[in-house]
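Chemist:
Protein chains: 4
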Amino acid sequence: MGSMWGNTIKISVFGESHGPAVGAVIDGLPSGISLDTDVVAAMMARRAAAGKALATPRKEPDAVEILSGLFNGYTTGTPLTGMITNTNTRSGDYEKDKPRPGHADYTAQVRYDGFQDYRGGGHFSGRLTAPLVFAGAVCLQALAQLYPGVRIGSRITALGGVADASAVAPGDYAALTYADADFPVLDVKAGEAMKAAVACAREAGDSVGGVIEGYVTGLRAGVGDPIFDTMESRLSSLLFAVPAVKGVEFGDGFAMTGSKGSQMNDAFYMDGERVATRTNHNGGINGGITNGMPVVFRVAVKPTPSIALPQETVDMARRAPATLAVKGRHDPCIALRACPVIEAAAALCILDSLMGAEKWKRSADK
Amino acid sequence: MGSMWGNTIKISVFGESHGPAVGAVIDGLPSGISLDTDVVAAMMARRAAAGKALATPRKEPDAVEILSGLFNGYTTGTPLTGMITNTNTRSGDYEKDKPRPGHADYTAQVRYDGFQDYRGGGHFSGRLTAPLVFAGAVCLQALAQLYPGVRIGSRITALGGVADASAVAPGDYAALTYADADFPVLDVKAGEAMKAAVACAREAGDSVGGVIEGYVTGLRAGVGDPIFDTMESRLSSLLFAVPAVKGVEFGDGFAMTGSKGSQMNDAFYMDGERVATRTNHNGGINGGITNGMPVVFRVAVKPTPSIALPQETVDMARRAPATLAVKGRHDPCIALRACPVIEAAAALCILDSLMGAEKWKRSADK
Amino acid sequence: MGSMWGNTIKISVFGESHGPAVGAVIDGLPSGISLDTDVVAAMMARRAAAGKALATPRKEPDAVEILSGLFNGYTTGTPLTGMITNTNTRSGDYEKDKPRPGHADYTAQVRYDGFQDYRGGGHFSGRLTAPLVFAGAVCLQALAQLYPGVRIGSRITALGGVADASAVAPGDYAALTYADADFPVLDVKAGEAMKAAVACAREAGDSVGGVIEGYVTGLRAGVGDPIFDTMESRLSSLLFAVPAVKGVEFGDGFAMTGSKGSQMNDAFYMDGERVATRTNHNGGINGGITNGMPVVFRVAVKPTPSIALPQETVDMARRAPATLAVKGRHDPCIALRACPVIEAAAALCILDSLMGAEKWKRSADK
Amino acid sequence: MGSMWGNTIKISVFGESHGPAVGAVIDGLPSGISLDTDVVAAMMARRAAAGKALATPRKEPDAVEILSGLFNGYTTGTPLTGMITNTNTRSGDYEKDKPRPGHADYTAQVRYDGFQDYRGGGHFSGRLTAPLVFAGAVCLQALAQLYPGVRIGSRITALGGVADASAVAPGDYAALTYADADFPVLDVKAGEAMKAAVACAREAGDSVGGVIEGYVTGLRAGVGDPIFDTMESRLSSLLFAVPAVKGVEFGDGFAMTGSKGSQMNDAFYMDGERVATRTNHNGGINGGITNGMPVVFRVAVKPTPSIALPQETVDMARRAPATLAVKGRHDPCIALRACPVIEAAAALCILDSLMGAEKWKRSADK
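Going down the list, the sequences are from chains A, B, C and D.
Quick note on numbering: the working numbering labels position 11 of the first sequence as 11, and the sequence is numbered without any gaps.
Quick note on numbering: the working numbering labels position 111 of the second sequence as 111, and the sequence is numbered without any gaps.
Quick note on numbering: the working numbering labels position 261 of the third sequence as 261, and the sequence is numbered without any gaps.
Quick note on numbering: the working numbering labels position 87 of the fourth sequence as 87, and the sequence is numbered without any gaps.
1. Using a Cβ distance threshold of 8 Å, determine whether the stretch 234-249 of chain C contacts the stretch 226-242 of chain D, with at least three qualifying pairs required.
2. Strictly under 8 Å for the Cβ-Cβ distance: is THR78 of chain B near chain C by that measure?
3. Out of curiosity, what's the CA-to-CA distance linking VAL168 of chain C and ALA175 of chain C?
4. Can you have a look at GLU343 of chain D and say buried or exposed, based on whether 16 or more other CB atoms are within 10 angstroms of its CB?
5. By Cβ distance below 6 Å, which residues in the same chain neighbour ARG202 of chain D in space, the five residues on each side in sequence not counted?
6. Give the interface partners of TYR112 of chain C over in chain A, defined as CB-CB distance under 8 Å, in chain order.
7. Contact criterion: CB-CB distance below 8 Å. Does GLY51 of chain C meet it with respect to chain D?
8. Looking at chain C, which residues of the stretch 249-272 of chain D have a Cβ within less than 7 Å of any of its Cβ atoms?
9. Since ILE226 of chain B meets chain C, which of its residues come closer than 8 Å, beta carbon to beta carbon?
10. Return the residues of the stretch 112-132 of chain B that lie within a Cβ-Cβ distance of less than 7 Å from chain A, sorted by chain order.
11. Can you give me, in chain order, the residues of the stretch 150-169 of chain C that have a beta carbon less than 7 Å from any beta carbon in chain D?
12. Once you ignore the five residues that flank SER12 of chain B on each side, which residues in its own chain have a CB closer than 7 Å to its CB?
13. Report the partner residues of TYR112 of chain A according to the DSSP bridge assignment.
14. For SER34 of chain B, count neighbouring C-beta atoms within 10 Å of its own C-beta (all shown protein chains included) and say buried if the count is 16 or more, exposed if not.
15. Can you confirm whether VAL138 of chain A, when its beta carbon is compared against all beta carbons of chain B, has any partner nearer than 8 Å?
16. Within 8 Å, do at least three Cβ pairs link the stretch 134-141 of chain A to the stretch 171-186 of chain A?
17. Please confirm if GLY69 of chain D has its CB atom under 8 Å from at least one CB of chain C.
18. Rounded to whole angstroms, what is the Cα-Cα separation between GLY253 of chain B and VAL22 of chain B?
19. Can you name the residues of chain A whose CB is closer than 8 Å to the CB of MET83 of chain C?
20. Taking Cβ positions, are ILE334 of chain C and GLY205 of chain C nearer each other than 8 Å?
21. Closer than 9 Å by beta-carbon distance: list the chain D residues that pair up with GLN145 of chain C, in chain order.
22. Since TYR106 of chain B sits in a beta bridge, which residues does DSSP pair it with?
23. Are the beta-carbon atoms of ALA338 of chain B and VAL301 of chain B separated by less than 8 Å?
24. Which chain A residues are close to ALA108 of chain B, counting only those with a beta carbon under 9 Å from its beta carbon?
25. Suppose you measure from the CA of GLU358 of chain B to the CA of THR157 of chain D; what does that come to, to the nearest Å?
26. If you drop the 5 nearest sequence neighbours on each side, which residues of the same chain put their C-beta closer than 6 Å to that of MET194 of chain C?
27. Could you compute how far the alpha carbon of ALA346 of chain A sits from the alpha carbon of VAL216 of chain A?
28. Could you check the C-alpha separation between THR75 of chain C and GLY122 of chain A for me, to the nearest Å?
29. With DSSP as the reference, label MET256 of chain B as helix, strand or coil.
30. Closest Cβ-Cβ distance between SER3 of chain B and chain D: below 8 Å?
31. Is GLY51 of chain C helix, strand or coil by DSSP?
32. Looking at VAL314 of chain A and ALA269 of chain B, is the spacing between their C-beta atoms short of 8 Å?
33. State the Cα-Cα distance for the pair PHE250 of chain A and MET231 of chain A, rounded to the nearest angstrom.
34. State the DSSP-derived secondary structure class of ASP62 of chain C, mapped to helix, strand or coil.
35. I want to verify the contact list: residues of chain D whose CB lies under 9 Å from the CB of LYS96 of chain B, in sequence order.
36. Measuring straight from C-alpha to C-alpha, what distance separates PRO310 of chain C and ALA325 of chain C?
In structure tokens, the structure reads:
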């Protein structure tokens, strides 16, 4: 199965890259959320256009048609459905029998016994991040109206082998802004080098990967659940739903493993009336539950598997060696377009978690 | 909520560190699985004893009492329940009002409005990995009987700042053995240095972290699901359920982000009748679905937060600064005990995924 | 929440009566099911047209547009989405502030704080049975291809106070046919009286209810689960999802309560190589699991709440007494259209249960 | 699977009739609920003793041992586990190869390929209602503390062919009391006849069934969800989890089908500031959502299948005809013990629904 997710709100994502449409049904949204479709369109455009000149020439308008759940501009509380019609597809670009190395072509073929829609990766295409971004745009508006103060952002910390090593103090995340929202780096010089690396890879018919840092600020302490529903478990389950993501870490993540407990434990102190921590090595999460500091995580996005360079593969019909040079239009770096997708995944998770946490407070009210 | 997980089989974990018992209910196991309780006991002992002299002196027999679901030595197919009675607890060691930095004490206090069982971390204690290991021991036996050939292992690749950089070729994972199963390193010299680092940290009242690599071999291609139920999503949701895990990566993970697509795409070739890949940068997973190569992942385990060194914290009752030196018995490196837990998590995920995948083949049979 | 259901396959239903579209996403279908869209259309037409002259004049073509999950005529195994565009709506017929007695108008208003799409009952409209019938038509084809021999049918046993008391022997269910598929009664004379009762109610601006008997034949023994997932639990949860259903019973149901155990226990005997029961008072289900006899259940459908006769209600805006005479086009007896809906619900449940039961047999195979 | 249920709170039931213990894990309870174990014990005793002299001589103390989730007398918010040790079992009374007609023996044998614990019905035994009653006793206390005013009760409306036809006006349900809580009938004379019918059946080695009416008062309007999570769907899915239940109806249920819409539509009126209905034919539920009137439902409990009279069955080992006279201790009427079980099921459903409904109100608060 796999295409449904959530506890308090549930999302069901559907569609194939070259089918009639992709979309999402979101069940469990509160009624009365005012939905600004321009804001939705802007976030869709961010995903579609991100990286601008650097990205794939396949340009979809990505207009979202709302099929249900919206009435007079407000959510009804019953399932909200957004559909994005596929246009501008060139199915002839794909060869069914020669799976692209690094892509889902081969595994989908085995998984679905050859019945999968192989065109453009079908249900495994990066195109399926469009309904996720739609859902994220909805959740961001719900967050803004129900939990004002919560802010979600992301930035590029590495691309094409170039790192943006800018350190951000915990207290500075809430106010981060970028010179170029479509290319959110703090070290503009590093950003130029990144762009050069992407251009170089494109020139060579190759691709590069990157690291995206996501962050959530203004989130109160006490959100999340133990064991299987830790914030880390739930966020990572959504982040790994984004194609090409191969690693997720929270706070200092893998870097923590070489340090001492005395260095990595974030000391508590009273920040006025509020309990805070001096450092944020744990990324705002202790025991799976938010501690009131910014939630910070990093996502490893591998280089786009679809490249123009000739690659060794197999001809599955003839069960024989073959060579493949992927045609069609592909991003030399999907990490570029990953930012709004990562933010959307975070928005979905945070809204679901906050709504689920509301009920727990109820007991304390009595 | 949070303490239930699974699609085809479902597990429900319960208990607190210093309560009467911890345990797990596993629903959905096939009937007729022969359960060797000695094998269960051996895996429980591995978790309890791992690292031997290096680990915490709190020694629990960790005997599992089966309450239901087993009849004449075979699973009945109805819920299997294992209970592990808590003994040898010293609750006096814990101070409710001074949360341990890096631990769940503060977040649980907020999350549950002060009603949590704070003794020893309660439901957030590493003790809760005992029922997970029990479940893993059951799942491993089910795997052996239903899907012979599937093998799950783990090894330490870094500890206390010391790396075991041994490279393992994809074809060599299935046969990996270790000189010391309780301390599974390939580079024995590095292992000695790791042990020294742990001893040194213990001496200093401090703690260290580590990286565990888990692997699954003998797994057929075509297991897993798209979008939210990718193997990466599901494995990571379980791995982040293990206390102190702060990062998860698959294949080359974060290291992929600095490489080119042409380097990271694992080329397909015919290995006799079987499709295989030349390299395994993607860790045996493409598009969230297994490709028949070993599934390889790495888990970042942070340094144990409970340390003897004095730390800055707050007195929550008085809302004032405080100092805490954690008493009680604690591991200087929980990564040492993480191996059987990580294997258990993988076993649960793989069995659930394989059982869920069976039904899909049905259509092809007709 | 509420608009998602299922274990092995999951369905997500969306839409409002007077919104752009209604539809369903079905996740978890096996790949490779050949889908005959004419068969789908025929079942949609059965729902739309049932009772012909007797039913509402609102005639929708109810053409299903497949948005995803179908490729070259076969299911892909990824989410199958069917959308039915709403046309021919007359929203002016509805008064928001005067809830129709017996309908969801008032409860939806409270539940969604006034943000619900009140037109035509919105998400609570009988129109939402259209996506359910679509899903049922898909599941029936999957059943035919994966589990040949399973047959699902329904008949009217009471309507407008007139009963069709025809007894059907367990062995005769599999071959039941009706003179008029749109009005499936066995006692044709009773059928005429039923039609007269409906016509009479329509004439009077009133409505009538009925009882539908559903049955599943050719189903093997051993399907279903204990406790919360009994066949009765799961079938009833779907049957009560059909608007206006207020009662569900299995086998002799309520009539069993006045009998003795010695009368109601269905004696086992060997029917050749097969275990069978002499009688079928338990409706083919013992302990929640099928016993190989026909699964038989009855569903109470209340009289359509939307009637032309003036009724006492309240003006919710003014919080004052009011009178309502429902305008618009309404069925004098929705039980007439319930047959294909009940069959669809049963098909969904039986397919889900059979697919879920496949995996259990796996253990026995080894 | 089947032994887990719930949305906002989740329950996992385990155990076999003659295994070491039965029990339940309840995840998702709010923290801070004060749990009076005497109240739990009293409800357990009601289930065990109900009908007193009339019921089975198998007397279990049914003491509940709390394994987790309770600390200093309050729920912690993490999983609450109650275990009831099985004692006083006489396994020799059961013959594996001769399935009891009307019971789950045969279907469990097929379902689990012969590995089920057949002793006393195993996981299908009425004994499994003990953990359900434990869960109900917990939920009733949570309801009392979180949603004061909500009251759940039940009464016998028919037993052994004798009806208690007492009509109860909607406004009178909240104050219903019975002369004998263990035998809750309103018409005491009918009650005497019922008891006589039970005694007569026991004398004859036979059994009788009955109808239990459950009711929930003090429940606000707006609780429940559309389509698959209607109050009817969710309540019935739990009620059919109770062994021997073969029918469930809401309000006037099957009796509505012979009436007119004009008779069955419950007219709205202003009862002071509150919207109420003149009648309650719909049992307090419109469109699956509560309307503020008492929720009223009736449950058909078939005659106990285990009877002493000789019955025709098959010898499954020899695949041959056989005769069975059930030995052991069995209730001549399980309907007698069904009242606390039905109340427990309702309490679980209502608490889960109310907690789930809390979050929806959030949007209106802003």
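From the three backbone atoms N, C-alpha and C, an ideal C-beta is built for every residue, glycine too.
Modeler: According to the structure data:
1. Enough Cβ pairs lie closer than 8 Å, so yes.
2. yes
3. 11 Å
4. buried
5. Once the five neighbours on either side are set aside, the close Cβ partners of ARG202 of chain D are PRO332.
6. SER31, GLY32, THR76, GLY77, THR78
7. Here GLY51 of chain C scores only 48 on pLDDT, less than 50, and its place in the model should not be relied on; the value that follows carries that caveat. No, GLY51 of chain C lies away from the interface with chain D (no Cβ there is under 8 Å from its Cβ).
8. GLU249, PHE250, GLY251, GLY253, PHE254, MET256, THR257, GLY258, SER259, LYS260, GLY261, SER262, MET264, ASN265, ASP266, ALA267, PHE268, TYR269, MET270
9. It is worth fixing the name first, because residue 226 of chain B is Pro in this sequence and not Ile. Those within 8 Å of PRO226 of chain B in chain C are THR78.
10. ASP113, HIS123, PHE124, LEU128
11. ALA158, GLY161
12. Cβ neighbours of SER12 of chain B beyond the five flanking positions: SER3, MET4, ALA24, VAL25.
13. DSSP output for TYR112 of chain A lists no bridge partner at all.
14. exposed
15. no
16. no
17. no
18. Between GLY253 of chain B and VAL22 of chain B, the C-alpha separation is close to 34 Å.
19. LEU67, MET83
20. no
21. Here the premise fails: no neighbours, minimum Cβ distance about 24 Å.
22. Answer by DSSP bridge pairing: none, since TYR106 of chain B is not bridged.
23. yes
24. GLY222, PRO226, ASN286, GLY287, ILE289
25. 47 Å
26. Here the set comprises LEU159, GLY160, VAL162.
27. 8 Å
28. When the Cα atoms are used, THR75 of chain C and GLY122 of chain A turn out to be separated by approximately 13 Å.
29. helix
30. yes
31. For GLY51 of chain C, the pLDDT reaches just 48, beneath the cut-off of 50, and the residue's location in the model is therefore unreliable, leaving the point undetermined.
32. Reading off the sequence, residue 269 of chain B comes out as Tyr, not Ala. Yes, these two residues count as a Cβ contact at 8 Å.
33. 10 Å
34. coil
35. Correct list: empty, because the minimum Cβ distance to chain D is about 11 Å.
36. As the crow flies, the alpha-carbon of PRO310 of chain C is around 4 Å from that of ALA325 of chain C.
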